[in-house]
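Have a look at the structure below, then the notes.
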Amino acid sequence: NINLKINGLDVSAPVGSTILEAAHLAGIKIPTLCYLKEINEIGACRMCVVEVKGARNLVAACVHPVNEGMEVYTNTPKLIESRKKTLQLLLSNHDKKCLSCVRSGNCELQQLCHEYGVEDEDFYEGEMNHYELDDSAAHMIRDNNKCILCRRCVAVCEKTQGIGVIGPNNRGFATMIGSAFEMGLGETSCVSCGQCIAACPTGALYEKDYTKQILEAIADPEKYVVVQTAPSVRAGLGEEFGYPMGTDVEGKMAAALRRIGFDKVFDTDWAADLTIMEEANELLDRIKNGGVLPMITSCSPGWIKYCEHYFPDMTENLSTCKSPQQMFGAMLKTYFAEKEGIDPKKIVSVSVMPCTAKKFEIGRDDQSAAGVPDVDIAITTRELARLIKRCGIEFTMLPDEEFDNPMGESTGAGVIFGATGGVMEAALRTAVETLTGEELANLEFTDVRGTQGIKEASYNVAGMDVKVAVASGLGNARELLNKVKAGEADYQFIEIMGCPGGCVNGGGQPQVSGDVRNFTDVRGIRAGVLYRNDAAKTIRKSHENPEIKKLYEDYLGAPGSHKAHETLHTSYVK
Ligand code: HC1
Ligand code: SF4
Numbered sequence: 330n331i332n333l334k335i336n337g338l339d340v341s342a343p344v345g346s347t348i349l350e351a352a353h354l355a356g357i358k359i360p361t362l363c364y365l366k367e368i369n370e371i372g373a374c375r376m377c378v379v380e381v382k383g384a385r386n387l388v389a390a391c392v393h394p395v396n397e398g399m400e401v402y403t404n405t406p407k408l409i410e411s412r413k414k415t416l417q418l419l420l421s422n423h424d425k426k427c428l429s430c431v432r433s434g435n436c437e438l439q440q441l442c443h444e445y446g447v448e449d450e451d452f453y454e455g456e457m458n459h460y461e462l463d464d465s466a467a468h469m470i471r472d473n474n475k476c477i478l479c480r481r482c483v484a485v486c487e488k489t490q491g492i493g494v495i496g497p498n499n500r501g502f503a504t505m506i507g508s509a510f511e512m513g514l515g516e517t518s519c520v521s522c523g524q525c526i527a528a529c530p531t532g533a534l535y536e537k538d539y540t541k542q543i544l545e546a547i548a549d550p551e552k553y554v555v556v557q558t559a560p561s562v563r564a565g566l567g568e569e570f571g572y573p574m575g576t577d578v579e580g581k582m583a584a585a586l587r588r589i590g591f592d593k594v595f596d597t598d599w600a601a602d603l604t605i606m607e608e609a610n611e612l613l614d615r616i617k618n619g620g621v622l623p624m625i626t627s628c629s630p631g632w633i634k635y636c637e638h639y640f641p642d643m644t645e646n647l648s649t650c651k652s653p654q655q656m657f658g659a660m661l662k663t664y665f666a667e668k669e670g671i672d673p674k675k676i677v678s679v680s681v682m683p684c685t686a687k688k689f690e691i692g693r694d695d696q697s698a699a700g701v702p703d704v705d706i707a708i709t710t711r712e713l714a715r716l717i718k719r720c721g722i723e724f725t726m727l728p729d730e731e732f733d734n735p736m737g738e739s740t741g742a743g744v745i746f747g748a749t750g751g752v753m754e755a756a757l758r759t760a761v762e763t764l765t766g767e768e769l770a771n772l773e774f775t776d777v778r779g780t781q782g783i784k785e786a787s788y789n790v791a792g793m794d795v796k797v798a799v800a801s802g803l804g805n806a807r808e809l810l811n812k813v814k815a816g817e818a819d820y821q822f823i824e825i826m827g828c829p830g831g832c833v834n835g836g837g838q839p840q841v842s843g844d845v846r847n848f849t850d851v852r853g854i855r856a857g858v859l860y861r862n863d864a865a866k867t868i869r870k871s872h873e874n875p876e877i878k879k880l881y882e883d884y885l886g887a888p889g890s891h892k893a894h895e896t897l898h899t900s901y902v903k
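Just so we're aligned: the sequence shown equals residues 330 to 903 in this note's numbering.
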């Protein structure tokens, strides 16, 4: 360890720590803005400056390593004045429409201005840039008038996702973040993952909001409006209402949706169980009949788009299963509509997702089982929180309520879909029991759990070696797929999720500010909600879901049947 003094306090920190990390260990917060741990460590914004005894200039704590005997000061008047000036300079070229800003209340720039007493927003008056909004992508808006050039989005897109469709254009005062040749984001190979939104400290990046359309549909007596909620929404939504990260708000969420006025409050988890039935069947079929292996999961639309753009020769490896969101919509407008005698054209199918790519997925081809789109509106967890607040619902005072039946019934296998490795574990629970014909002694496949970017495991099932791999975050996916292509691995089944950690860390989840994110295992804490939810269920295997069994008996026949193929499977473009 290295011993140093921070603000006169003795501090000991591991070798290689930065001043920022050492201060954190000692309970001292140094403000940051451009810094994202392991993603954007460029020391550019100057918010984290500190004084080091003997050093001539102020140093950036986020990148400066600690040395033995170092004396650091983090909150002298000089530093506070310097940070204030930095903020004033940022504001001098910032569209300060804070009242209506989507990030008002959790904007990191606003928070710092507040903390540093920046009372004169127009201190440096002068020329300002004016940019057109970029609304060309299906899922998001880019508003460069609120961009502070921190480059967090650029780094996430490039490093974490390995995509790199945004970067700085021009120089000096004219510098702006955008795509090459100033193309609209929608014209690039952006995969709609929304990880850039999650990384943005201000209101420069945000999802396309469809809350208004939902309220209009609900108010229309001609419409039958049904909502489904993704596994991960219950693991994140509470953060918007002051609950600590890691709180399961499933019951309150169902109650809130009912009070908003949806005709049925259903659960994507039900469709996740259905996905497992179809996907496990497809896997066993490919293994037995010489189909293309490894088979790769297809629930994450950011991943699907990535595969189509960057690994077009591997689209045959993708499972043909629609995602649970789309399977849900398909069954809603066919099975449920027929059963209840409702015209599918009158149904408005709404999904709440931790994901922005789901907004893109609903418009894909071959996603309309009843001749109308399976899902009409996909909103994020953040939009749902907005909707709840706009409807005057006191979330914390709500009772816990249940989902409606039949499409609200789910098993523990369905809920773990939201964590990396969860789809794999759910599929294994069903595939192994189908292969062996015996009940699993232990249904927790812990090798595929955890937040590592790439995981591998091998299981001996009925005398056969089944090799599997799991990757989350598209940079990790690329690494894994290159291994497969180079013949260095012979998996039969791979799970890939577009966002690092899986859906719990999706681009549509509640914003987590940089200073929290840098020192918190957000993915692990939210995933914990799903694993506890699973462990508390009496039924934990998809093939034992009574409502799914009934769906097959009454409507689909068997997994992989003609009808199942017509409604629940899809195709890809190369
Ligand atoms: Fe996901 Fe899925 S788990 S993709 O990560 O397969 O978004 O939560 O809804 O569709 O079920 C997201 C989450 C979600 C689908 C399921
Ligand atoms: Fe990059 Fe994803 Fe943002 Fe698109 S949505 S610009 S792929 S980080």
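Heads up, the beta-carbon is just placed ideally off N, CA and C, and yes, glycines get one too.
{"Asked": "What is the rounded straight-line gap between the Cα of aspartate 472 and the Cα of glutamine 821?", "Found": "43 Å"}
{"Asked": "For glutamate 730, which residues from the same chain have a beta carbon less than 7 Å from its beta carbon, with the 5 sequence-adjacent residues on both sides left out?", "Found": "Gly580, Ala583, Ala584, Arg587"}
{"Asked": "Just to check my reading of the structure: glycine 575 and valine 858 have Cβ atoms closer than 8 Å, yes? What is that Cβ distance to the nearest angstrom?", "Found": "6 Å"}
{"Asked": "Taking arginine 855 and glycine 565 to be in contact with their CB atoms under 8 Å, please state how far apart those CB atoms are, rounded to whole angstroms.", "Found": "6 Å"}
{"Asked": "Quick one: complete beta strand (DSSP E) runs, 3+ long, within the segment 739 to 803?", "Found": "783 to 790, 793 to 801"}
{"Asked": "Which residue comes first and which comes last in the beta strand (DSSP E) that contains lysine 718?", "Found": "Taken as a continuous stretch (DSSP letters only), lysine 718 belongs to no beta strand (DSSP E), being part of the alpha helix (DSSP H) at 710 to 719."}
{"Asked": "Is there contact here, the segment 613 to 626 with the segment 589 to 602, by at least three beta-carbon pairs under 8 Å?", "Found": "no"}
{"Asked": "Are the beta-carbon atoms of isoleucine 335 and alanine 352 separated by less than 9 Å?", "Found": "yes"}
{"Asked": "Short check: CB of proline 683 to CB of asparagine 834, under 9 Å?", "Found": "yes"}
{"Asked": "Within the continuous alpha helix (DSSP H) that includes glutamate 579, where are the two ends?", "Found": "579 to 589"}
{"Asked": "Is the separation between the beta-carbon of isoleucine 605 and that of alanine 742 shorter than 9 Å?", "Found": "yes"}
{"Asked": "When every heavy atom of ligand 2 is checked, does at least one fall within less than 8 Å of the C-beta of isoleucine 368?", "Found": "no"}
{"Asked": "Where do the ends of the beta strand (DSSP E) carrying serine 341 lie?", "Found": "338 to 342"}
{"Asked": "May I ask you to verify whether the segment 862 to 875 touches the segment 459 to 466, counting CB pairs closer than 8 Å and requiring at least 3?", "Found": "no"}
{"Asked": "Return yes when the C-beta of phenylalanine 595 is under 8 Å from any heavy atom of ligand 1, and no when it is not.", "Found": "no"}
{"Asked": "To the nearest angstrom, how far is it from the Cα of isoleucine 348 to the Cα of isoleucine 371?", "Found": "14 Å"}
{"Asked": "In whole angstroms, what is the alpha-carbon distance linking asparagine 811 and glutamate 607?", "Found": "27 Å"}
{"Asked": "Per the contact definition of three or more C-beta pairs closer than 8 Å, is the segment 525 to 538 in contact with the segment 626 to 644?", "Found": "no"}
{"Asked": "What did DSSP end up calling arginine 471 once you bin it into helix, strand or coil?", "Found": "strand"}
{"Asked": "In terms of residues, what are the limits of the beta strand (DSSP E) holding valine 395?", "Found": "Segment: none, valine 395 is in no beta strand (DSSP E) and carries neither H nor E."}
{"Asked": "Say yes only if the C-beta of methionine 753 is nearer than 8 Å to one or more non-hydrogen atoms of ligand 1, and no if none qualify.", "Found": "no"}
{"Asked": "Straight-line CA distance for glutamate 454 to isoleucine 783?", "Found": "49 Å"}
{"Asked": "On the three-state DSSP scale, how would you describe glutamate 536?", "Found": "strand"}
{"Asked": "Suppose contacts are defined by Cβ-Cβ distances below 9 Å. Is threonine 725 in contact with glycine 571 by that definition?", "Found": "yes"}
{"Asked": "Write down every uninterrupted run of the beta strand (DSSP E) in the segment 535 to 575 whose length is 3 residues or greater and which is fully enclosed by it, in chain order.", "Found": "553 to 558"}
{"Asked": "How far does the alpha helix (DSSP H) with proline 497 in it extend, from its first residue to its last?", "Found": "Segment 496 to 498 is the beta strand (DSSP E) holding proline 497; no alpha helix (DSSP H) there."}
{"Asked": "Ignore the nearest five residues each way along the sequence and tell me which others in arginine 481's own chain have a CB closer than 6 Å to its CB.", "Found": "Leu365, Asn369, Ala528"}
{"Asked": "Just curious, the alpha helix (DSSP H) that phenylalanine 657 is in, first and last residue?", "Found": "653 to 660"}
{"Asked": "State yes or no: is the C-beta of phenylalanine 746 nearer than 8 Å to some heavy atom of ligand 1?", "Found": "yes"}
{"Asked": "For valine 555, tell me which candidate among Lys796, Val677, Glu876 has the shortest Cα-Cα distance.", "Found": "Val677"}
{"Asked": "Could you tell me if leucine 338 is buried or exposed, where buried requires 16 or more neighbouring beta carbons within 10 angstroms of its beta carbon?", "Found": "exposed"}
{"Asked": "In three-state DSSP terms, what is tyrosine 402?", "Found": "strand"}
{"Asked": "For ligand 2, any of its heavy atoms closer than 8 Å to the Cβ of valine 431?", "Found": "no"}
{"Asked": "According to DSSP, is cysteine 650 part of a helix, a strand, or is it coil?", "Found": "strand"}
{"Asked": "Thinking C-alpha only, which one of Thr531, His638, Glu611, Gly836 is nearest glutamate 429?", "Found": "It should be noted that the sequence gives serine, not glutamate, for residue 429. Checked all of Thr531, His638, Glu611, Gly836; the closest Cα to serine 429 is Thr531."}
{"Asked": "Which of the three DSSP states, helix, strand or coil, is assigned to glycine 515?", "Found": "helix"}
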